[in-house]
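Peer 1:
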Amino acid sequence: MYFAIDDYTEIDFVLASGYLTYIFAEHLITTGLNDYREHWLMCRKNLHDAVARLPLLLPASMDAVAALTLAAYDAMESAKATVAWSLISSAANLCQTLGYHRPSPRRRARDGSFASTDMQESLFWSVYSLDKGLSLQLDRPPNIRDVDISFSFDPNSQPRSIRLARIQGKAYEQLYSPQGLSRPVHERGHDAEVLATQLREMIRDVHVDMENANNRDPDENEDPLRVLYLQCHLVCHTSLLTLILRAIPSVGSSPSGASDVARLALEIHHQCMTSIRNCKSDPQIVNKYISWAILNMPFVSFSVLFLHAVRTADDADLAVLDRKAHNLPQGIHGVTMKPKDDNDV
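Given below as structure tokens:
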């Protein structure tokens, strides 16, 4: 492997450092060799330094979008959600400038070659996914609206991460944006039911994947943390389902089911923390879990179950909350459990 020592841009250096950071992290997971740990730390530091040197205005190019996206994902893993939002917002603006959200002929890359349309779409959906997640988490309108995407695609055949992002975007726009909160209760409730149905289908798919992963014979080429990552997905999905169900009005004494799903989310969180404590190969696993499963998703499960426990004087739920509080690693701050509407107060 080699890299130019002159005539390269900061964007080139961000891309090289970012990709190498993730490559060495993967090799560290599979081998456990300390050499890879040292390379990973060096490349990660280079990535942070290079991102800090990026100019405010970047040229509209695929490389610039990729560099900003890599930097945004790294910021998320460092629990810097607002930094990630600034970076992914810039990436989204460049995507729209380049027309990645619309059908278009192939474009030339900086070296004069034609960029792959598949590569453009893959990069666009990566930006889209993080944009929607941070929009919901930070209570900000997304940079990329679904109504502005005009190239053809089949929503049902898209990867799970993109389908999740679409649900996150609709949850913000239809349920928790200022306009969404002002809608009639029955309309919000109907839309929440539709989103909850879609999300439950995804949760069933994750359970199937987990069952298949647990029943599969060990393979040296397979990710040893696959089951743990699927558990993290379940935490994200059930947390989002809790948030969506809270928008459904209770009928008489029949609750919306949010407290039951919140309880399930906390139980899965407990299982994740147990698995994470037994994981010695990934140096960033705790930060990844806290950043992606908790900070990148409004982790309202705690507050929903707390309010339910107070209203019903349920000692069992209070015990679940106590265990969850003790499971969070020491020194973790900024977990968002704020109310999303007046019904939580």
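In our numbering, the protein residues as written are 301 to 645. Think of the CB as a built atom: it goes at the ideal place given N, C-alpha and C, for glycine as much as any other residue.
1) Buried or exposed: Val508, going by 16 or more other Cβ atoms within 10 Å of its Cβ?
2) With a threshold of 16 other CB atoms inside 10 Å of the CB of Glu473, please say whether the residue is buried or exposed.
3) Would you check if the stretch 390 to 398 and the stretch 359 to 366 touch, i.e. whether three or more CB-CB distances between them fall below 8 angstroms?
4) Could you check whether the stretch 326 to 333 touches the stretch 341 to 359, counting it as contact only if at least three pairs of C-beta atoms, one from each stretch, sit closer than 8 angstroms?
5) May I have a chain-ordered list of the alpha helix (DSSP H) segments no shorter than 4 residues that lie completely inside the stretch 473 to 517?
6) Runs of 4 residues minimum, wholly inside the stretch 338 to 414: which ones carry the alpha helix (DSSP H) assignment?
7) What does the alpha-carbon distance come out to for the pair Ala325 and Arg337?
8) For Tyr589, tell me which candidate among Glu377, Thr309 and Thr321 has the shortest Cα-Cα distance.
9) Check whether the Cβ atoms of Pro442 and Gly469 lie closer than 8 angstroms to each other.
10) Taking DSSP as the reference, what is the three-state secondary structure of Val610?
11) Any idea if Tyr308 is buried or exposed, counting beta-carbon neighbours within 10 angstroms, 16 or more meaning buried?
12) Can you tell me where the alpha helix (DSSP H) with Ser429 in it begins and where it stops?
13) In chain order, what residues of the same chain lie with their CB nearer than 6 angstroms to the CB of Val447, ignoring the 5 residues before and after it?
14) From His327 to Leu358, what distance separates their C-alpha atoms?
15) Consult DSSP for Asn334 and reduce its assignment to one of helix, strand or coil.
16) Please go through the same chain and pick out, in chain order, the residues whose beta-carbon is closer than 7 angstroms to the beta-carbon of His339, but skip the five residues on each side of it.
17) Got a sec, what are the start and stop residues for the alpha helix (DSSP H) Ile449 sits in?
18) Is it right to say Phe453 is buried, meaning 16 or more other beta carbons lie within 10 angstroms of its own, or is it exposed?
19) Measure the alpha-carbon distance for Trp385 versus Ala372 and round it to whole angstroms.
20) In three-state terms, what does DSSP make of Val600?
21) Between which two residues does the alpha helix (DSSP H) carrying Arg563 extend?
Peer 2: Answer, in terms of the structure:
1) In the sequence shown, counting from the first residue as 1, residue 508 sits at position 208. Around the beta carbon of Val508, a 10 Å sphere encloses fewer than 16 other beta carbons of the protein chains shown; the residue is thus reported as exposed.
2) Taking the first residue of the sequence shown as 1, we reach residue 473 at position 173. Buried, by the Cβ-count rule.
3) yes
4) no
5) 478 to 481 and 485 to 515
6) 362 to 377 and 381 to 398
7) Here residue 325 refers to the residue found at position 25 when the sequence shown is read from its first residue. Here residue 337 refers to the residue found at position 37 when the sequence shown is read from its first residue. Ala325 and Arg337: Cα-Cα distance of roughly 7 angstroms.
8) Taking the first residue of the sequence shown as position 1, residue 589 is located at position 289. Looking at the Cα atoms, Glu377 is the closest of the given residues.
9) Translated into positions along the sequence shown, residue 442 becomes position 142. Translated into positions along the sequence shown, residue 469 becomes position 169. For Pro442 and Gly469, yes; Cβs fall inside 8 angstroms.
10) Position 310 of the sequence shown, counted from the first residue, corresponds to residue 610. DSSP places Val610 in helix when its eight states are reduced to three.
11) Residue numbering aside, residue 308 sits at position 8 when the sequence shown is read from its first letter. Burial call: exposed.
12) Within the sequence shown, the letter at position 129 stands for residue 429. Counting along the chain, the alpha helix (DSSP H) containing Ser429 begins and ends at Thr417 to Leu438.
13) Taking the first residue of the sequence shown as position 1, residue 447 is located at position 147. Hits under 6 angstroms: none found.
14) Residue 327 sits at position 27 when you count from the first residue of the sequence shown. Residue 358 sits at position 58 when you count from the first residue of the sequence shown. Taking the straight line from one Cα to the other gives about 32 angstroms.
15) Numbered from its first residue, the sequence shown carries residue 334 at position 34. Note: Asn334 maps to helix in three-state DSSP.
16) By one-based count along the sequence shown, residue 339 stands at place 39. Cβ contact annotation for His339 (same chain, cutoff 7 angstroms, sequence separation greater than five): Phe324, in chain order.
17) For this step, residue 449 is matched to residue 149 along the sequence shown. Taken as a continuous stretch (DSSP letters only), Ile449 belongs to no alpha helix (DSSP H), as it is neither H nor E.
18) Sequence index remark: in the sequence shown, residue 453 carries index 153 (1-based). Exposed is the call here.
19) Along the sequence shown, one-based indexing puts residue 385 at 85. Along the sequence shown, one-based indexing puts residue 372 at 72. Distance between the alpha carbons of Trp385 and Ala372 is about 7 angstroms.
20) The sequence position of residue 600 within the sequence shown is 300, counting from 1. It is coil, neither helix nor strand.
21) As a working note, residue 563 is residue 263 in the sequence shown. Taken as a continuous stretch (DSSP letters only), the alpha helix (DSSP H) holding Arg563 covers Ala558 to Arg577.
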